[in-house]
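Asker: Chains A and B are the protein sequences, given in the same order. Taking numbering that gives the first Met the number 0, the leading residue of the first sequence gets 0, the next gets one more, and so forth. Taking numbering that gives the first Met the number 0, the leading residue of the second sequence gets 0, the next gets one more, and so forth.
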Amino acid sequence: MLILNRKEGESITIDDHIKIKILEVGRTYVKIGIDAPRTVSVHREEVFERIREENLAASESPMKGLADAARVLKQKRDKAGQE
Amino acid sequence: MKITTRQFGEVELNEEEIVTFPEGLVGLEDKRRYVILGRPEEEPFKWLQCIDDPEIAFIIIDPMLFAGDYAFDIDDETTSKINLARPEDILLFVIVTLQDDFRKMTANLLGPIIVNGRNRRAIQMVLHNSNYITKHRIFPSKNEEAEGKPQNSKQA
Chain A
0 MLILNRKEGE SITIDDHIKI KILEVGRTYV KIGIDAPRTV SVHREEVFER
50 IREENLAASE SPMKGLADAA RVLKQKRDKA GQE
Chain B
0 MKITTRQFGE VELNEEEIVT FPEGLVGLED KRRYVILGRP EEEPFKWLQC
50 IDDPEIAFII IDPMLFAGDY AFDIDDETTS KINLARPEDI LLFVIVTLQD
100 DFRKMTANLL GPIIVNGRNR RAIQMVLHNS NYITKHRIFP SKNEEAEGKP
150 QNSKQA
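Here you go:
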């Protein structure tokens, strides 16, 4: 991993077309500005992490009671349809 | 081709039934080929069974069946990854996490699965700028229903 020191207001450029600027440094956070083409996806890591965790939980969850759930869901939908 | 599944034993499969996730699922990037299976008594729930690993299977469902106002934008990057040209080609699913009590089952509205029905390429989209949650109750508890509170407000 490349580690660089940057001060508030300073930037780094990646691959000529992605610019990352340090906008503000707080006591417990940094505010970062990112200029990148639309085709480059920029994400907060924790959203990925939440989905990764949930995929794992889903694949390990007790896969039973589906027929019951299907029946109740249908009843609910039928009821909603009548109202 | 014949595949082994977690819930359905050995299943005979046609090549055209294979759903390909070019990037896998989040956290399962190396597992790319799946098939959607179902049992009539479990409809509208379906199984997303991994072809390359019999132990990996997910329960999926069309979110519109329980969260009718679910909505998000599909960005150009996502459409290009699955060569999606027309909205009518979209098959939308979310992954369900079950509990011992089926009434507590939740759906991951933050990471929906978009299948291009035309070429059967699929992607798990990551909704970065939404308030949807990974554990949206499919059967809201009485309290939540009575308050008429949208579940995603909890996360904000």
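Beta carbons: idealized from backbone N, C-alpha and C, even for Gly. Predicted, not measured: the structure shown is a model, and the values here were computed from it.
Alpha carbon to alpha carbon, how far is B/Ser129 from A/Val29? Give it in angstroms, no decimals.
Answerer: Whole-angstrom Cα-Cα distance: 22 Å.
Asker: Compute the distance between the beta-carbons of B/Leu27 and A/Ser60, then report whether it is under 7 Å.
Answerer: It is not a contact, given that the beta carbons lie outside the stated cut-off.
Asker: Apart from the five residues on each side of it in sequence, which residues of its chain come closer than 7 Å, Cβ to Cβ, to A/Val24?
Answerer: Glu7, listed in sequence order.
Asker: Are there 16 or more other CB atoms within 10 angstroms of the CB of A/Ile11, so buried, or fewer, so exposed?
Answerer: It counts as exposed.
Asker: Would you tell me roughly how many angstroms separate the C-alpha atoms of B/Gln6 and A/His42, rounded to the nearest one?
Answerer: Each residue's alpha carbon lies about 35 Å from the other.
Asker: Just checking: is the beta-carbon of A/Asp77 within a distance shorter than 7 Å of some beta-carbon in chain B?
Answerer: Judged by the 7 Å Cβ criterion, A/Asp77 is not in contact with chain B.
Asker: Once DSSP output is grouped into helix, strand and coil, what is the label at B/Val95?
Answerer: Correct three-state label for B/Val95: strand.
Asker: How many angstroms separate the CA atom of A/Ala19 from the CA atom of A/Glu9?
Answerer: Looking at the sequence itself, residue 19 of chain A is Ile, so the reference to Ala does not match. Distance between the alpha carbons of A/Ile19 and A/Glu9 is about 9 Å.
Asker: Going along the chain, which residues of its own chain have a beta-carbon closer than 6 Å to the beta-carbon of A/Asp14, five neighbours each way excluded?
Answerer: Same-chain partners within the cutoff: there are none.
Asker: Do the segment 26-40 of chain B and the segment 73-86 of chain B touch if we need at least three Cβ pairs shorter than 8 Å?
Answerer: As far as the Cβ criterion goes, the segment 26-40 of chain B does not touch the segment 73-86 of chain B, which means the pair count is below three.
Asker: List the endpoints of the continuous alpha helix (DSSP H) containing A/Gly80.
Answerer: Per DSSP, A/Gly80 belongs to the alpha helix (DSSP H) from Leu65 to Gln81.
Asker: Just verifying my parser: in three-state terms, what is the DSSP assignment at B/Asn115?
Answerer: Looking at B/Asn115 - three-state DSSP - the assignment turns out to be strand.
Asker: Listing by chain order, which chain B residues have their CB less than 9 Å from the CB of A/His42?
Answerer: Under the 9 Å cutoff, chain B gives Val125 and His127.
Asker: May I have a chain-ordered list of the alpha helix (DSSP H) segments no shorter than 4 residues that lie completely inside the segment 16-84 of chain B?
Answerer: Those alpha helix (DSSP H) runs which fall completely within the segment 16-84 of chain B and span 4+ residues are 75-80.
Asker: Which chain A residues sit within Cβ distance under 8 Å of B/Gln6?
Answerer: Neighbours of B/Gln6 on chain A, chain order: Met62.
Asker: Quick one: Cα of B/Ile112 to Cα of A/Val39, how far?
Answerer: Cα to Cα, B/Ile112 sits roughly 20 Å from A/Val39.
Asker: Output, in sequence order along the chain, the residues in the segment 95-121 of chain B whose CB is closer than 8 Å to any CB in chain A.
Answerer: The segment 95-121 of chain B vs chain A, Cβ under 8 Å: Val95, Thr96, Leu97, Gln98, Asp99, Asp100, Phe101, Arg102, Met104, Asn107, Leu109 and Gly110.
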